[in-house]
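Chains as they are written, first to last, in the numbering used here: chain A, 3 to 132; chain B, 234 to 437. Ideal placement from N, C-alpha and C gives every residue a C-beta, glycine not left out.
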């Protein structure tokens, strides 16, 4: 009986250790995000931007908007956050007489995406093994 | 008295944590697949197919029986597949992308139906003896396959399909004797021209 109780406590302890990390996945809107989970690219649209740019040299604002099926304002706000974090760079130019905004993923952004992927895979492993 | 707490049910169905993380990974993969244009359409392979089509058009124009004429073009179709399949696989491999995942799969699934229809129509038209319509039908359906498959590819690919469709449409309303010339222009000239462009601008 005591043995069973100890095992139960260990499971509870393991569960608590994973708790904060798992919470961010359960409900990304909540604030309880652990330091090692990159909150910046955890958000849906920002994760989409980084993922799309990871397989393209660059994408224009309109291409990203069509790909992620979002609005001008939404894309603009999220792209700005990634820019401020130096995950992507934005280049503004003119295509003939039309203004063109292009985004490119930089090394820090690519590393952040890799870390995020590793984190998700680790969570899956931890949950299935636990 | 009004309730001060939230109105939602305290008993929500929990979502397994590994399923949530797997959803995130799936979203990343799907976004990457949608964002990556399928560039495994073989440019140099298209040029090679164009050259063999020119040779086939020359050989077909010298045949005296409809059966022999059809045989030449069917052999050419097999040769084209034998060139295109390894060329596409090699290019996809070079680009570190799987040929049959994401955009590649979409390309194949969109490309295949018009080709299957073309095969059935060839069989049916041969049996009723309307071989004169085959050049137009083949060009139209191959062009349609390229346009539909090319919707998931680089922009030049559907343009190539449209050119083939225009030639096919014209072939249907011109004398049957011009059939091989239209085939040479479509399967030969168009494929060589666009293949060269794809090879130069989209990775080989």
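Exercise for review: Give every residue of the same chain whose Cβ lies closer than 7 Å to the Cβ of residue 421 of chain B, excluding the five residues on either side of it in the sequence, and list them in chain order.
Suggested key: Translated into the one-based positions of the second chain, residue 421 of chain B becomes position 188. The answer, listed in chain order, is 283, 286, 287 and 290.
Check your understanding: Considering only C-alpha positions, which residue in the set A/99, A/62 and A/127 is nearest to residue 90 of chain A?
Key -> The residue labelled residue 90 of chain A in the question sits at position 88 within the first chain. Checking every option, the nearest Cα to that of residue 90 of chain A belongs to A/62.
Check your understanding: For the stretch 380-411 of chain B, which residues have a CB atom closer than 8 Å to at least one CB atom of chain A, in sequence order?
Key -> none
Point to revise | Helix, strand or coil at residue 407 of chain B [DSSP, three-state] | key: Locating residue 407 of chain B in the second chain gives position 174, where the first residue counts as 1. DSSP places residue 407 of chain B in the coil class of the three-state scheme, outside both helix and strand.
Check your understanding: Who does residue 316 of chain B pair with in a DSSP beta bridge?
Key -> Stepping through the second chain from its first residue, residue 316 of chain B is reached at position 83. Its beta-bridge partners do not exist; DSSP assigns none.
Check your understanding: Are residue 373 of chain B and residue 402 of chain B close, meaning C-beta to C-beta below 8 Å?
Key -> To locate residue 373 of chain B, count along the second chain from 1; it is residue 140. To locate residue 402 of chain B, count along the second chain from 1; it is residue 169. For residue 373 of chain B and residue 402 of chain B, yes; Cβs fall inside 8 Å.
Point to revise | Option in A/42, A/50 and A/41 with minimal Cα separation from residue 258 of chain B | key: Counted from its first residue, the second chain places residue 258 of chain B at position 25. If we check each option's Cα against that of residue 258 of chain B, A/50 comes out closest.
Review point. Which residue or residues does DSSP assign as beta-bridge partners of residue 92 of chain A?
Key: Counting from one through the first chain, the residue named residue 92 of chain A turns up at place 90. DSSP output for residue 92 of chain A lists A/105 as bridge partner(s).
Review point. If you check the beta carbons only, do residue 264 of chain B and residue 87 of chain A fall under 8 Å apart?
Key: Reading the second chain from its first residue, position 31 is the one you call residue 264 of chain B. Reading the first chain from its first residue, position 85 is the one you call residue 87 of chain A. Not closer than 8 Å, so no.
Check your understanding: So, is the C-beta of residue 103 of chain A closer than 8 Å to a C-beta in chain B?
Key -> Taking the first chain and counting its residues from 1, the one referred to as residue 103 of chain A is at position 101. Not closer than 8 Å to any Cβ of chain B, the Cβ of residue 103 of chain A fails to qualify, so no.
Practice item. Please state whether DSSP places residue 454 of chain B in a helix, a strand or coil. Key: The requested residue 454 of chain B does not occur in the structure, where chain B is confined to residues 234 to 437.
Practice item. For residue 97 of chain A, write down the residues that DSSP places opposite it in a beta bridge. Key: Indexing the first chain from 1 puts residue 97 of chain A at position 95. In the DSSP output, where bridge partners are listed per residue, residue 97 of chain A has A/100.
Review point. Can you find a CB in chain E that lies within less than 8 Å of the CB of residue 431 of chain B?
Key: No chain E is present in this structure, whose protein chains are A and B.
Review point. Within 8 Å (strictly less), CB to CB, does residue 511 of chain B reach chain A?
Key: Residue 511 of chain B lies beyond the residue range present for chain B, which begins at 234 and ends at 437; the question has no answer from this structure.
Practice item. Output the distance between the C-alpha atoms of residue 313 of chain B and residue 418 of chain B, rounded to the nearest integer angstrom. Key: The count along the second chain starts at 1 and reaches residue 313 of chain B at position 80. The count along the second chain starts at 1 and reaches residue 418 of chain B at position 185. Their Cα atoms are separated by approximately 16 Å.
Practice item. Can you give me the Cβ contacts of residue 412 of chain B inside the same chain, cut-off strictly under 6 Å, excluding the 5 residues immediately before and after it? Key: Sequence index remark: in the second chain, residue 412 of chain B carries index 179 (1-based). Closer than 6 Å at the Cβ level, and outside the excluded window around residue 412 of chain B, lie 368.
Check your understanding: Does DSSP put residue 78 of chain A in a helix, a strand or coil?
Key -> Sequence index remark: in the first chain, residue 78 of chain A carries index 76 (1-based). Looking at residue 78 of chain A - three-state DSSP - the assignment turns out to be helix.
Point to revise | residue 83 of chain A - DSSP class collapsed to helix/strand/coil | key: Start at 1 with the first residue of the first chain, and residue 83 of chain A comes out as number 81. Note: residue 83 of chain A maps to helix in three-state DSSP.
Review point. Do you know how far the Cα of residue 116 of chain A is from the Cα of residue 377 of chain B?
Key: Position 144 of the second chain holds residue 377 of chain B. Position 114 of the first chain holds residue 116 of chain A. For residue 377 of chain B and residue 116 of chain A, the distance between alpha carbons rounds to 40 Å.
Review point. Closer than 8 Å, CB to CB, is residue 112 of chain A near chain B or not?
Key: As a position in the first chain, residue 112 of chain A is number 110, starting the count at 1. Taking Cβ atoms only, chain B never reaches closer than 8 Å to residue 112 of chain A, which makes this a no.
**Study point:** Cβ pair residue 77 of chain A, residue 66 of chain A closer than 8 Å
**Key:** As a working mapping, residue 77 of chain A is identified with position 75 in the first chain. As a working mapping, residue 66 of chain A is identified with position 64 in the first chain. Going by C-beta atoms, residue 77 of chain A is nearer than 8 Å to residue 66 of chain A.
Exercise for review: Compare the C-beta of residue 108 of chain A with all C-beta atoms of chain B and state if any pair is closer than 8 Å.
Suggested key: Numbered from its first residue, the first chain carries residue 108 of chain A at position 106. No, its Cβ sits nowhere closer than 8 Å to a Cβ of chain B.
Review point. How about residue 27 of chain A: is its C-beta nearer than 8 Å to some C-beta of chain B?
Key: Here residue 27 of chain A refers to the residue found at position 25 of the first chain. Bear in mind that a pLDDT of 48 at residue 27 of chain A, under 50, signals an unreliable position, so the number given afterwards is only what the model happens to contain. For residue 27 of chain A, the answer is yes, since a Cβ of chain B falls inside 8 Å of its Cβ.
Review point. Got a sec? Which residues, its chain only, sit under 8 Å from residue 110 of chain A by beta carbon, not counting five neighbours each side?
Key: Reading the first chain from its first residue, position 108 is the one you call residue 110 of chain A. Cβ neighbours of residue 110 of chain A beyond the five flanking positions: 87, 88 and 89.
Check your understanding: Could you check where the alpha helix (DSSP H) with residue 67 of chain A kicks off and where it finishes?
Key -> As a first step, residue 67 of chain A must be located in the first chain, where it is residue number 65. Run containing residue 67 of chain A: 63-70, per the alpha helix (DSSP H) assignment.
Exercise for review: Give the straight-line distance between the Cα atoms of residue 346 of chain B and residue 298 of chain B, rounded to the nearest whole angstrom.
Suggested key: Residue numbering aside, residue 346 of chain B sits at position 113 when the second chain is read from its first letter. Residue numbering aside, residue 298 of chain B sits at position 65 when the second chain is read from its first letter. Looking at the two C-alpha atoms, the distance is approximately 30 Å.
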